[in-house]
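2 protein chains.
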Amino acid sequence: MRMVATEDQDNQGLEALMGEMGRRARGAARILANASAIQKNEALLMAAAELRARLPELLIANAADMADAEAKGIKGSFLDRLMLDASRIDAIAKAVADIAALHDPVGRMLAEWTQPNGLRFERVSTPLGVIGVIFESRPNVTADAGALCLKSGNASILRAGSESFRTSSVIAEAMRAGLRAAGLPEDAIQLVPTRAREAVGLMLKGLDGNIDVIVPRGGKSLVARVQNEARVPVFAHLEGICHVYVHAKADLAMAVSIVLNAKLRRTGVCGSAETLLMDQSVVATHLKPLLAALIDKGCSIRGDAQVMAADPRATEATEADWRTEYLDAIISVKVVSGLDEAIDHIETYGSHHTEAIITDDHAAAEAFLNSVDSAIVLHNASTQFADGGEFGFGAEIGIATGRMHARGPVGVDQLTSFKYRVHGTGQTRP
Amino acid sequence: MRMVATEDQDNQGLEALMGEMGRRARGAARILANASAIQKNEALLMAAAELRARLPELLIANAADMADAEAKGIKGSFLDRLMLDASRIDAIAKAVADIAALHDPVGRMLAEWTQPNGLRFERVSTPLGVIGVIFESRPNVTADAGALCLKSGNASILRAGSESFRTSSVIAEAMRAGLRAAGLPEDAIQLVPTRAREAVGLMLKGLDGNIDVIVPRGGKSLVARVQNEARVPVFAHLEGICHVYVHAKADLAMAVSIVLNAKLRRTGVCGSAETLLMDQSVVATHLKPLLAALIDKGCSIRGDAQVMAADPRATEATEADWRTEYLDAIISVKVVSGLDEAIDHIETYGSHHTEAIITDDHAAAEAFLNSVDSAIVLHNASTQFADGGEFGFGAEIGIATGRMHARGPVGVDQLTSFKYRVHGTGQTRP
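Residue numbers (the working numbering), protein chains in the order written: chain A, 5 to 434; chain B, 5 to 434.
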């Protein structure tokens with residue numbers, strides 16, 4: 005009985021704490037919306053300096069996080085993402101300073117026109133407001149996400165994975181010190197100061213309207229939970245089931261080069277290809293060499309009957325394979341009758357993330373780029389270009405596959421909204 | 005017991021029906037996304053012709069709706085909105101034809117750039133997908149909303165108020181006939197074929213991901229329900245508590261002209277002013293004439309102590325007045341110490357819809373336009389310009405006060421998303 009009462013009290017305490025964070029974020033966002041580019045950049049550069057200055061503190065905090073994680077039996081790649089050393093801390097600081105060097109995304113004139121009555125209309129970019137970022141083990145997200153939000157004039161409420169809590173706390177303090185040094189409100193970047201899991205649920209409810217958008221950074225289960233439970237908009241992709249379609253007019257050498265890169269450059273990223281679609285008309289010439297090139301590089305093949313006939317090392321693909329994001333050196337391969345079946349397959353099994361066509365036929369490429377309803381569609385290029393840096397955005401907070409507001413790599417420009425500024429000389433409406 | 009079983013069966017039937025509408029809409033949306041501007045415009049012009057051709061049928065359906073509504077004891081303005089006659093039907097048809105004349109919002113090149121590796125990036129506008137529109141008595145929304153969605157390449161699922169069900173059904177049939185005549189899928193425009201209230205709840209849940217955005221058209225209680233219950237994005241404004249701030253450097257004649265227009269041109273529209281903020285430094289010169297002008301035109305004043313002192317016909321404003329959208333010939337008037345207090349008042353009590361400053365001081369105007377976080381901010385112009393037509397958008401499906409995706413008047417351009425088309429020559433990512 006006492007246990008329950010205490011838990012209720014704890015929950016009430018957490019709700020009050022999170023509610024207060026939301027109000028502080030909103031207040032900071034109002035000030036940040038009118039901060040100059042110079043002031044925001046000063047905060048970022050000071051934050052980068054603070055991160056470097058706190059190297060010893062960061063290494064101590066990270067060692068404690070690592071020790072706890074290892075004691076819990078946490079495994080290799082997760083531990084590697086958690087771990088910081090001097091060079092990684094320097095890279096985190098450099099990434100924050102690099103964000104200062106980007107163009108200012110706030111106050112851009114998006115459109116400008118004058119109506120016959122003399123009213124002059126301006127559509128000008130503005131910050132979104134308060135961005136909630138929920139992430140897992142990588143402590144650098146505290147710096148990256150906080151910096152991207154700050155650059156775009158948004159306050160951020162950051163929820164770090166519990167394993168990186170100490171490390172993320174030191175990083176957040178450095179970011180806040182940068183804000184203070186530039187005369188900006190430190191509450192523009194807040195880290196949720198508790199490991200309590202219930203904090204995530206409260207953020208997903210929007211903290212009484214004080215979170216405008218949620219960005220989840222982590223594995224599929226985190227993204228799925230956020231997409232299912234959030235009562236505020238979410239910028240995310242659940243998975244990247246990316247396709248490469250080798251069209252009837254594909255150059256074989258280019259197809260081999262792009263397919264190998266799309267699948268194997270890095271298999272764990274969302275832009276890696278998971279399914280290869282082979283046009284029936286090039287099965288005789290292109291299929292064997294493509295399969296052999298993939299298998300030579302250590303990739304497993306799951307294919308249909310023609311694929312298994314072309315290379316005995318291929319195993320049979322099940323219906324589930326077409327819906328699977330392997331994130332590994334495995335690819336599903338299907339022969340399609342032509343462009344229409346390729347598009348149908350992508351629309352049926354894809355995740356609206358990134359798809360590529362390889363062809364020398366301009367009309368086929370145009371039809372593919374127009375018809376495939378994905379955030380990114382490429383002609384004669386690798387799906388692994390699905391990355392804000394490769395787009396020239398400088399940095400991204402994530403990749404979105406929804407069609408509302410942001411789509412594709414979410415850089416600083418996508419973290420803005422707009423308003424209409426209307427200039428009159430006394431006009432009244434008839 | 006049998007009752008319950010029947011209701012359950014009915015609910016299951018409704019869920020199946022609505023689910024099927026969602027799937028049909030998604031299928032139609034895929035085809036519509038690739039329809040040419042010519043084909044969409046042909047469908048709109050054919051729909052306009054069909055509306056005119058169905059005049060007798062529309063009048064009969066509308067007479068039946070009107071008779072039912074009157075029998076239910078429904079009142080004046082609601083009945084007026086429901087009523088159609090030959091000239092109103094002609095206006096509905098003309099509005100649909102006018103939408104055909106707008107620019108095509110799909111396939112616009114929003115940005116284009118080339119990276120150093122030769123990859124050419126295009127950001128191109130695309131439809132959003134499927135738009136759910138929930139509206140009350142005005143049957144013309146069936147045509148307007150269906151036409152705006154069609155023009156922007158989106159399928160629509162329209163839920164008419166139960167009182168206008170027969171009239172809306174005939175209008176929807178005309179729109180679908182237009183689609184068929186142009187060789188486009190008629191399911192691009194679907195009217196929910198039942199008066200069952202539960203259909204709204206199912207739409208708000210998104211029909212298994214087959215509704216991308218909801219637009220409510222109607223009174224505050226409808227919008228509030230949609231905003232609270234929707235699990236998909238909503239384009240809406242709950243209310244328009246619009247402010248006019250008469251600054252220290254305001255010209256009196258311009259202030260009188262704009263305030264009268266902002267409040268009284270039409271009191272029932274969302275862009276009508278509800279609060280007048282008077283700068284302390286012009287109280288002596290501007291307050292009395294402004295109050296007198298408003299009262300002369302039949303407007304009631306609710307004011308603070310200085311306002312009541314300036315005109316004995318003013319009554320005392322309570323805290324609730326600053327939060328009230330009167331939609332009537334009533335205005336709340338408050339004296340503020342200057343620009344900062346005006347902005348604070350607007351941020352505290354406003355609805356982020358539309359606000360105006362009247363001043364000859366350029367710097368004050370800029371500060372107001374930058375600091376006020378509303379969809380529309382005006383300098384020396386009436387708040388009643390808050391309208392897509394006045395912006396030059398041609399038509400609007402509504403006005404949004406959120407900061408996600410659409411903001412301000414939602415015209416055909418705001419009913420689009422975008423994709424990135426990337427053109428390569430064999431590039432792979434290093």
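In this text, a Cβ means the ideal position worked out from N, Cα and C, and glycines have one as well.
Chain order gives no chain A residues near B/I245, where near means a beta carbon separation below 8 Å; the closest approach is about 16 Å.
Taking 9 Å as the upper bound on Cβ-Cβ separation, chain B lies near residues D216 and V217 of the segment 193-225 of chain A. Within 7 Å of the CB of B/R269, the CB atoms of chain A belong to R433, in sequence order along the chain. DSSP places B/G80 in no beta strand (DSSP E) but in the uninterrupted alpha helix (DSSP H) bounded by G80 to L86.
Under DSSP, A/K338 shares a beta bridge with A/L281. The shortest CA-to-CA distance from B/G428 to any of B/T118, B/G26 and B/Q43 is the one to B/T118. Inter-residue distance for A/A71 and A/G182 is about 29 Å (C-alpha atoms, whole angstroms).
By DSSP's assignment, B/K423 forms a beta bridge with B/V128. For the pair B/E61 and B/A149, the Cα-to-Cα distance works out to about 21 Å. Beta-bridge analysis with DSSP links A/P220 to A/I138. Closest in alpha carbon position to B/R142, among B/D84, B/E126 and B/G412, is B/D84. The DSSP-derived three-state label of A/T146 is helix. In terms of CA proximity to A/V426, B/D391 leads the group B/L419, B/D391, B/S421 and B/R433. Using a Cβ distance threshold of 8 Å, B/L162 and B/A176 count as a contacting pair. Taking CB atoms only, B/K423 has a neighbour in chain A less than 8 Å away. Nearest C-alpha to B/G275 among B/V381, B/M312 and B/D325: B/V381. The continuous beta strand (DSSP E) containing B/A115 extends over residues M113 to T118. Remark: C-beta atoms of B/E243 and B/E140 do not approach each other more closely than 8 Å. At least one CB of chain B lies nearer than 8 Å to the CB of A/E351.
Under the DSSP assignment, A/E351 falls outside any beta strand (DSSP E), being part of the alpha helix (DSSP H) whose first and last residues are L343 to Y353.
If only complete runs of 3 or more residues are kept, the segment 244-332 of chain A shows the beta strand (DSSP E) at 246-250, 277-283 and 304-307, in order along the chain. Close to B/A37, with beta-carbon spacing below 9 Å, are these residues of chain A in chain order: N374, S375 and D377. Taken in chain order, the complete alpha helix (DSSP H) segments of 4 or more residues contained in the segment 147-234 of chain A are 169-185, 202-208 and 224-233. The criterion of a C-beta distance shorter than 8 Å is not satisfied by B/L295 and B/A277. B/H349 and B/T405 do not touch by the CB rule: their CB atoms are close to 17 Å apart, not below 8 Å.
By the criterion of a C-beta distance shorter than 6 Å, A/G272 is surrounded in its chain by L331, once the five residues flanking it on both sides are discounted. Linking B/L291 to B/M282 through their CA atoms gives a straight-line distance of about 7 Å.
Residue state for B/A379 is assigned as coil, using DSSP reduced to three classes. Taking 8 Å as the CB threshold, A/M258 lines the interface with chain B. Beta-bridge pairing by DSSP links B/E359 to B/H247 and B/V381. Residues of the segment 393-405 of chain B with a C-beta less than 8 Å from any C-beta of chain A: E394, F395 and G396, listed in chain order. Counting C-beta atoms within 10 angstroms of its own C-beta, A/H383 has 16 or more neighbours from the protein chains shown and is therefore classed as buried.
Short of 7 Å from the beta carbon of A/D108, and not among the five residues preceding or following it, lie these beta carbons of its own chain, in chain order: A41. Contacts with chain B at 8 Å (Cβ-Cβ) do not include A/I138. Short of 8 Å from the beta carbon of A/N265, and not among the five residues preceding or following it, lie these beta carbons of its own chain, in chain order: S386 and Q388. At a beta-carbon threshold of 8 Å, the residues of chain A lying near B/Q388 are T432 and R433, ordered along the chain.
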